[in-house]
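Input: a single structure, listed below in structure tokens.
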Amino acid sequence: LYMLNEEDPTITDFCEKYDVSRSTVSRKFEKLKNHLKQFQLRFTYTESNLVGDERLVRLSLFNIIWLGVRGIEWPFALPEADAEAFVDEFSEYFPMTHSYLGRLELKYFAALVLLRIKKENYAKYDKRYNFLMKNNRYLDFDRLKAFIDDRFALTDKQLKGESGFIYLLAQMFPFYLSTDEPALQQTLHFFADKKNPVYPLVQDLLAEMKETVFASQPSLLDEPLIIGNLINVTYGNYVFRQPFPNIHRLLNPTINRGAAEAQLQAKISTFLTNYREDATVDYLNDDNQEQMAIMYTHTLLPFYDQIRYANRLYVGIALEDNFLLVQGLSQFLHDLTFVAAEPYDQNHQAKYDVVVGSSQLLKKLNPDTASYLWDYASDDRQYIDLYRSLKNHFDEKNLSL
């Protein structure tokens, strides 16, 4: 924020302003510098700045600022109305403007872009945009000039670069959440109808997944949301051909879904390795293959879960016949989408994956069947423990899917 908001930011001024030594700043920045190094970005100190590919600079700064503030306050030395107007000008290209936080994210990004332009840090046009942006009537390259002319004096080359960056942002992240989005329909129409280097990989990935992981329900992968989001993920990797900053990358450790995710990612990684050997793809390499596998995995995982949840965990409920005692637990089990629960029937013992009961008797009679002892005297934390136990059994049951 200091780099963005100050007119002439320097490390000396920063240290004086915040009463901190230069060595302390250097030490505190070490982890951040290492994080940014993977994107080939670095700090300069004579004039405090982040340098490298300006597109990656902006993505990095946005992630850092957004995750640090998340809308609690307006942190930029720029009128919020200016950012709001910028978002309004290009809102039709960004489905996320329809949600409260999505629009706020875009306002942060708009402010960041305007401040970087003000400091004469420009995003250059990339010829890898051409197949998408050249002669594409949907993408209006005159729109930015009309909006920005009274704010900054940009050359035609700079306007082209900045316009290209805006449309890159509109096409490189998996933010489609509804099949009704016009932007999604535009993406599907363009990439399916026009020869391009992105769509074949998406189609081949889906074909492989239909024959393997999704063999029992291949039609799931015909969902437009899957195709559109995979196109966007692939396009971002096509443009940069290296790891690039994205919030998902930073949050990934906190949303790991365990064995199912690892299993799906391993299959996708194998596909990508084989694809590199068999197909001529100049944007899939050692640097970004892992990132692509992770992004593909998290795009497909919710639909993979639909297959796994169809193979539910069968639970027998062996409790006393007292509505007041058992109704809470019964309702809890029936609300779990991965569980099929019913009163325990000893004549169908073999079908149960787990038996939940209030007595150790069934464990004694059927030691090979997993069981969970329900304690009426325990508090509500027992539900959390039961959920974890059942989820572990469910994951084990579905590990080979």
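Per the working numbering, the very first residue in the sequence shown carries number 1322; after that it's consecutive. Every residue gets a Cβ at the ideal spot worked out from N, C-alpha and C, and that includes glycine.
Around the CB of Ile1469, 16 or more other CB atoms lie within 10 Å, so the residue is classed as buried. Phe1415 counts as buried, since no fewer than 16 other beta carbons sit within 10 angstroms of its beta carbon.
For Leu1546, the enclosing alpha helix (DSSP H) starts and ends at 1545-1561. By the criterion of a C-beta distance shorter than 7 angstroms, His1356 is surrounded by no residue of its chain, once the five residues flanking it on both sides are discounted. By the beta-carbon neighbour count (other beta carbons within 10 angstroms, threshold 16), Ser1347 is exposed. Taking a contact to require three or more Cβ pairs closer than 8 angstroms, the region 1645-1654 and the region 1620-1628 do not qualify as touching.
For the 9 angstroms CB-CB criterion, Ala1491 and Phe1411 form a contact. Using a Cβ distance threshold of 9 angstroms, Ala1580 and Glu1368 do not count as a contacting pair. Each residue's CA atom was taken as its position, placing Ser1537 and Pro1503 some 31 angstroms apart.
In this structure the region 1459-1467 does not touch the region 1418-1433; the number of beta carbon pairs closer than 8 angstroms is below three. Across the set Gln1667, Ala1402, Met1530, Leu1526, the C-alpha of Gln1667 shows the shortest separation from the C-alpha of Ile1638. Distance from the Cα of Asn1687 is smallest, within the candidate group Gln1670, Asp1700, Asp1696, Ala1698, for Gln1670. Excluding residues up to 5 positions away in sequence, Phe1397, Leu1399, Ala1404 lie with their Cβ nearer than 6 angstroms to the Cβ of Ala1432 in the same chain. Taking C-beta atoms as the reference points, Tyr1556 and Leu1453 count as a pair closer than 9 angstroms. Contact between the region 1523-1539 and the region 1583-1600 is present: three or more C-beta pairs spanning the two stretches fall below 8 angstroms. Pairing Phe1360 with Trp1695, the inter-Cα distance amounts to about 52 angstroms. Taking a contact to require three or more Cβ pairs closer than 8 angstroms, the region 1541-1555 and the region 1463-1483 do not qualify as touching. Exclusion of the five residues before and after Lys1466 leaves Leu1480 as the residues of its chain whose Cβ lies within less than 7 angstroms of its Cβ. In the structure shown, Leu1720 adopts coil according to DSSP, grouped into three states. Closest by C-alpha distance to Met1324, out of Ser1344, Phe1383, Glu1351, is Phe1383. Remark: C-beta atoms of Asn1553 and Tyr1497 approach each other more closely than 9 angstroms. Taking 9 angstroms as the cut-off, the beta carbon of Val1378 is found no closer than this to the beta carbon of Leu1353. About 7 angstroms separates the beta carbon of Leu1605 from that of Met1613, a gap short enough to meet the 8 angstroms contact definition. Between the alpha carbons of Gln1507 and Met1417 lies a gap of roughly 15 angstroms. Here Leu1634 really is in contact with Ala1661; their C-beta atoms are around 7 angstroms apart, less than 8 angstroms.
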